[in-house]
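S.K.: In case it helps, our numbering puts the sequence shown at residues 1 to 168.
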Amino acid sequence: MFNKFFPDEYMASTYVISFEKLYKEGYRGVIFDIDNTLVPHGAPADERAKKLFARLEKIGFQSCLLSNNQEPRVKMFNQDIQTNYIYNAHKPSTKNYVKAMEKMGTDKENTLFVGDQLFTDVWGAKRAGIRNILVKPIHPKEEIQIVLKRYLERIVLFFYKKEQKKSS
1 MFNKFFPDEY MASTYVISFE KLYKEGYRGV IFDIDNTLVP HGAPADERAK KLFARLEKIG
61 FQSCLLSNNQ EPRVKMFNQD IQTNYIYNAH KPSTKNYVKA MEKMGTDKEN TLFVGDQLFT
121 DVWGAKRAGI RNILVKPIHP KEEIQIVLKR YLERIVLFFY KKEQKKSS
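Following this line, the structure appears as structure tokens:
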């Protein structure tokens, strides 16, 4: 029942993902959520985020930010990153996942998505046919509608972890 919301992978942080390994596996584009995936909610790009995007570029990755936030928020974060971005994305709608791949010149087979929410980020990526990595939120302070979704996410993640144990 919950399988359609299960992430392809679940990791502690964006910053522990082996992007070098993913590049060797043939991935060429990474789509990122911003808030609580790369930085705490509403924060500008910090040194860690700046280094990550420099590293991705050096490896050979194309990247794109895909956010449900409005343009001023996304533009502020992207100021020091200077990558592709799409704001007001209406995730989990698949339209802007496709648009992000067009901007990067990638396709479903060589693109992956990294985000912190199951019902917007992961579900949208799954529906678009893109490999996805769910990461734990960076900071507990979130808007009320996200806090409420987190309770439902815990239920889905309980069953996800139970399924993972069975298959290992």
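Ideal Cβ positions, reconstructed from N, Cα and C, are used throughout, including at glycine.
Note that the structure is predicted; figures quoted are calculated from it, not measured.
#1: Just to check my reading of the structure: PHE5 and VAL122 have Cβ atoms closer than 8 Å, yes? What is that Cβ distance to the nearest angstrom?
#2: Round the Cβ separation of TYR27 and LEU134 to the nearest angstrom and send it over; I've been treating them as touching at under 8 Å.
#3: Measuring straight from C-alpha to C-alpha, what distance separates ALA54 and LEU152?
#4: I'd like the list of long-range same chain contacts for VAL98, defined as Cβ closer than 7 Å, with 5 residues on each side in sequence excluded.
#5: Would you list the one or two residues that DSSP bridges to ILE17?
#6: Closer than 7 Å by C-beta to GLY124: which residues in its own chain qualify, once you throw out the five before and the five after it? Chain order, please.
#7: Please classify TYR85: does DSSP put it in a helix, a strand, or coil?
#8: Nearest-angstrom Cα distance between LEU157 and PRO7?
#9: Would you call the CB atoms of PHE32 and SER63 closer than 8 Å?
M.R.: Quick answer:
#1: Along the sequence shown, read from residue 1 onward, the residue named residue 5 stands at position 5. Along the sequence shown, read from residue 1 onward, the residue named residue 122 stands at position 122. With 8 Å as the limit, PHE5 and VAL122 qualify as a contact, their Cβ atoms being about 7 Å apart.
#2: For the purposes of this step, residue 27 is taken as the residue at position 27 of the sequence shown. For the purposes of this step, residue 134 is taken as the residue at position 134 of the sequence shown. The beta carbons of TYR27 and LEU134 sit about 16 Å from each other, so the pair does not count as a contact at 8 Å.
#3: Residue 54 sits at position 54 when you count from the first residue of the sequence shown. Residue 152 sits at position 152 when you count from the first residue of the sequence shown. Approximately 35 Å, taken between the alpha carbons.
#4: As a first step, residue 98 must be located in the sequence shown, where it is residue number 98. Taken in chain order, the residues that qualify are ALA128.
#5: Here the question's residue 17 lines up with position 17 in the sequence shown. For ILE17, which the question treats as bridged, DSSP gives no partner whatsoever.
#6: Here residue 124 is taken as the residue at index 124 of the sequence shown, counted from 1. Sequence-distant Cβ neighbours of GLY124 in its own chain, meaning closer than 7 Å and more than five residues away, are LYS91, PRO92, SER93, THR94 and TYR97.
#7: Residue numbering aside, residue 85 sits at position 85 when the sequence shown is read from its first letter. In this structure, TYR85 counts as strand in the three-state DSSP scheme.
#8: The residue labelled residue 157 in the question sits at position 157 within the sequence shown. The residue labelled residue 7 in the question sits at position 7 within the sequence shown. Those two C-alpha atoms are separated by around 9 Å.
#9: As a working mapping, residue 32 is identified with position 32 in the sequence shown. As a working mapping, residue 63 is identified with position 63 in the sequence shown. Yes, Cβ-Cβ distance for PHE32 and SER63 is below 8 Å.
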